[in-house]
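Please read the structure below before turning to the comments.
Number of protein chains: 2
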Amino acid sequence: MDTKSIKQFAKLILKFGVNLQNGQCFELSCPVTEYKVARIFIDTAYEMGAKYARVRWNDEKVDASTYLNADEKTLTNVPKWFVLSKNELVEKNFCYVAIAADDPYAFKGVPEDKIARIAKARSKALKKFSDTVMANGIRWCVVSVPTLQWAKTVFPNSKKPEKDLWQEIVKTMRLDCDNPEQKWQEHVDNLIRHASRLNDFNFEFLHFKNSLGTDLKIGLAENHVWLSALEKAKDGVDFIANMPTEEVFTAPHRLKADGKLYSAMPLVYNGNIIDKFSLTFKEGKIVDYSAEKGYSTLKGLIETDSGTLRLGEVALIGKNSPIAKSGILFYNTLFDENASCHLAIGKAYPTTIKNGSSLSTTELKDLGANDSVEHVDFMIGTDDLTVTGITKNGEKIPVFTDGDWVI
Amino acid sequence: MDTKSIKQFAKLILKFGVNLQNGQCFELSCPVTEYKVARIFIDTAYEMGAKYARVRWNDEKVDASTYLNADEKTLTNVPKWFVLSKNELVEKNFCYVAIAADDPYAFKGVPEDKIARIAKARSKALKKFSDTVMANGIRWCVVSVPTLQWAKTVFPNSKKPEKDLWQEIVKTMRLDCDNPEQKWQEHVDNLIRHASRLNDFNFEFLHFKNSLGTDLKIGLAENHVWLSALEKAKDGVDFIANMPTEEVFTAPHRLKADGKLYSAMPLVYNGNIIDKFSLTFKEGKIVDYSAEKGYSTLKGLIETDSGTLRLGEVALIGKNSPIAKSGILFYNTLFDENASCHLAIGKAYPTTIKNGSSLSTTELKDLGANDSVEHVDFMIGTDDLTVTGITKNGEKIPVFTDGDWVI
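So the protein lines, in turn, are chains H and C.
Going by this note's numbering, the residue at position 210 of the first sequence is 210; the numbering climbs one at a time, nothing skipped.
Going by this note's numbering, the residue at position 375 of the second sequence is 1375; the numbering climbs one at a time, nothing skipped.
As structure tokens, then:
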């Protein structure tokens, strides 16, 4: 993509995503291959008045070689300076943008149980930081730019996969119009309306059913709040944590999920693909699971801690969302989760509970909001999905029919 | 350069440069644009038995934007985690390779006094680390790979500047032969012979003179030792701190330099060029200086602390060294200092004093070895340079005539 378009992309994210304020610090997490994009983000951040802007570089090829070859004890012993470097973002109220653009096959060949143990150690070491982020302690935004291997997976037959993927990203980001900012405003308002209607119903349960075999009744946490794109950070400034975003979401009750679900899309987790998997729940807990592909990776995820045996998010997305309508499988949760109703294993967003950001983990748990070092979304929405809301009076209200909103 | 050649390059450096041991940790400092080189280094390190290998990425375009735009107070307040991340290299006995490949004009447009203040703050914050490195507390090696802007400066009229620069680097690294390792062994032995002869003379003074106007008498530190390529780290393992290297070097006496010198080549320092400069010394101290280009940068360097007013290294290189014979001005100290006799402003290597690594800064200073947060080499050797050694008995021994060894 040309410099001008990338700059427009960066500007939209810095303004609508993290809502960078004059005099604020900014960090971008970026793959080294995308250094041209990073430079534009940094320059743009300074133009918008950033006090300081830096890049946290990463490279999945180096990571893969390290996961494969390095001494496991060294990798699971997360250095103190690394934790401090993340906590600094909170202490100095940085806003940060993370570019999620992994090769879905990045860690192919690395023993999945080793990856799981390393990921667990890192998640544990960074729990304080991720808890703060999930409670909107700072403003953050996850976005994507095409990296070669990822683009090749999405468009295996294309001669210019990166170009094709940029084009799709531009569409999902509503940058293919004259006034993207206005489009975003309208879009955000629309999502807020959906969330507001769900809050009015204040459902006790949601019942998911489709032809894949999914038949799952999920209780919602007490004092749950349906949220959408626009959130408020601790400092009172609005932000959008994912761009694109099409979801409205809330906290399920950690002790209330019964039935079985089947995945609707592959899930890329820690450089591996988990596909065609099922989870069986009893009283909120996963009591059985299967996967045609990536079983060990799924096992590693589910066995991370007691919280990864339970749900932390339920999100609704109609099949007519622009991403869903593109029909493209992105192999990237940022996009795929916005094309399909999804759930998350692990910690619930405290913000999806009334006043949740000021409650302790114990208080949140008492209301049903799950805790864990992890939070991993996975897709369950299909074209024939029905979602039925059940109110406290036992009234059944159709929320989704044939994969789209009817409420 | 092709992958196979880069691998050979990486192998030579990991073996002869830092002498990576089985089970050791390794860090590579690398510009993001050279991520392909970094990946090969990391893979090669693991093949050689590294316990853990990582990359510390940097990008001079991001740095330049930051130096130009960021709040100075934020930049001079070096975060604790960054210092810890460097100290970890010492605590865990990492060996590290730093790729020096800066665009000589990287920081053009940034106020030079601002750069100087930021550089000073960083040097001060990292003094413990750099002191350890200069005393060979860990094994390290500085090398170069061509980055586009640097290559363009060296070969402004070339259509393939990076390719041309790789070719020259390959030559200076003695990789353009059947058995580079044997060539390096011979080369190292040869440098050791030069150093050994100088140690036998145990000169009290060296007198530098050339047609540029340089006329400078430098006293050598008490108990000084001439060193060359091969050094021994604290853990007893040999290493070569610069590749290429052509120098033999020792510690001048901090209180004994009288006369004037003229630079023989431009000096790239903190993303700026200092050229056609002179320094006047009295009793070891710089009492006057001038520069046709980059005066403010030179001023910033000299005024860093009391130690940057004095010399910390004197190094001899004959005009027939392969780099000197190439006739190429590299605008990169790693190469240019190996084409020309040079001195350094700032801290002396404790290793250039007998048992210096186990002496305190005060003890070192008493012997004449300079201390500072900085150590910056600059070139003074010309084709007509004469260097005369003066022994403790006042005997004058020609060391260099017409820019080359005669001793």
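Backbone N, C-alpha and C fix where the C-beta goes; we use that ideal spot for every residue, glycine too.
Everything numeric in this text was worked out from a predicted model, so none of it was measured.
| query | result |
| --- | --- |
| Helix, strand or coil for Thr245(H), going by three-state DSSP, please let me know. | coil |
| Do Asn1272(C) and Glu1168(C) have their C-beta atoms closer together than 8 Å? | no |
| Let's test the definition: count the other Cβ atoms within 10 Å of the Cβ of Thr362(H) and tell me whether it reaches 16, buried, or not, exposed. | exposed |
| Roughly how many angstroms separate the alpha carbons of Arg1310(C) and Tyr1349(C), rounded to a whole number? | 14 Å |
| Please confirm if Ile42(H) has its CB atom under 8 Å from at least one CB of chain C. | yes |
| Just mark Cys30(H) as buried or exposed, buried being the case when its beta carbon has 16 or more other beta carbons within 10 Å. | buried |
| For Ile1006(C), does the count of other Cβ atoms within 10 angstroms reach 16, so buried, or fall short, so exposed? | buried |
| Just list the residues that DSSP pairs Arg56(H) with in beta bridges. | Ser29(H) |
| Flag this pair as touching only if the stretch 1054-1070 of chain C and the stretch 45-61 of chain H have three or more C-beta atom pairs under 8 Å; answer yes or no. | yes |
| In chain order, what residues of the same chain lie with their CB nearer than 6 Å to the CB of Lys217(H), ignoring the 5 residues before and after it? | Phe205, His207, Asp258, Gly259 |
| Could you tell me whether the Cβ of Leu1020(C) comes closer than 8 Å to any Cβ of chain H? | no |
| Please confirm whether Thr1351(C) and Ala1135(C) have their CB atoms less than 8 Å apart. | yes |
| Going along the stretch 1080-1098 of chain C in order, which residues come within less than 7 Å of chain H, judged by CB to CB distance? | Lys1080, Trp1081, Leu1084, Ser1085, Glu1088 |
| In the DSSP assignment, find the alpha helix (DSSP H) that holds Met1379(C) and state where it starts and stops. | It is not in any alpha helix (DSSP H) - Met1379(C) instead sits in the beta strand (DSSP E) that spans 1375-1379. |
| By Cβ distance below 8 Å, which residues in the same chain neighbour Val1406(C) in space, the five residues on each side in sequence not counted? | Pro1398, Val1399, Phe1400 |
| Less than 8 Å between the C-beta atoms of Thr1074(C) and Lys51(H), yes or no? | yes |
| Does any C-beta atom of chain C lie closer than 8 Å to the C-beta of Trp57(H)? | yes |
| Leaving out the 5 sequence neighbours to the left and right, which residues in its chain are closer than 6 Å to Gly1368(C) when beta-carbon positions are compared? | Ala1221, Glu1222, His1253, Arg1254 |
| Which of the three DSSP states is assigned to Ala1324(C) in this structure? | helix |
| Among residues of its own chain, excluding the 5 on either side of Phe107(H), which ones have a beta-carbon nearer than 7 Å to its beta-carbon? | Ala64, Tyr67, Ile115, Asn270, Gly271, Asn272 |
| Of the choices Asn87(H), Ser263(H), Val37(H), whose alpha-carbon is the least far from that of Phe9(H)? | Val37(H) |
| Which residues in the same chain have their Cβ closer than 7 Å to the Cβ of Met48(H), if we skip the five residues on either side of it in sequence? | Leu14, Leu20 |
| List the residues that DSSP assigns as beta-bridge partners of Asn272(H). | Tyr269(H) |
| Return helix, strand or coil for Val406(H), following the three-state DSSP convention. | coil |
| Name the chain C residues whose beta carbon is nearer than 8 Å to that of Ser65(H)? | Arg1039, Ile1042, Asp1043, Tyr1046, Ala1053 |
| With 7 Å as the limit, tell me which residues of the stretch 1129-1152 of chain C have their beta carbon closer than that to any beta carbon of chain H; keep them in chain order. | none |
| Does the beta-carbon of Lys282(H) have 16 or more other beta-carbons within 10 angstroms, so that it is buried, or is it exposed? | exposed |
| In whole angstroms, what separates the C-alpha of Thr1172(C) from that of Gly346(H)? | 55 Å |
| For Thr1074(C), return the contacting residues in chain H, with the cut-off set at a CB-CB distance below 8 Å. | Cys25, Lys51, Tyr52 |
| Name the chain C residues whose beta carbon is nearer than 7 Å to that of Val62(H)? | Ala1038, Arg1039, Ile1042, Val1055 |
| Would you grab the beta carbon distance between Glu1247(C) and Ala1315(C) for me? Rounded to a whole angstrom, and I think it's under 8 Å. | 4 Å |
| Which ranges would you report for the beta strand (DSSP E) in the stretch 1066-1151 of chain C if only whole runs of at least 3 residues count? | 1095-1099, 1140-1143 |
| Closest by CA to Tyr1331(C), which one among Val1373(C), Ala1121(C), Asp1377(C)? | Asp1377(C) |
| Of the choices Leu334(H), Ser306(H), Gly109(H), Thr297(H), whose alpha-carbon is the least far from that of Val457(H)? | The question about residue 457(H) has no answer, for chain H in this structure spans 1 to 407. |
| Just how far apart, CA to CA, sit Gly318(H) and Val90(H)? | 34 Å |
| What first and last residue would you give for the alpha helix (DSSP H) that runs through Thr1297(C)? | 1295-1302 |
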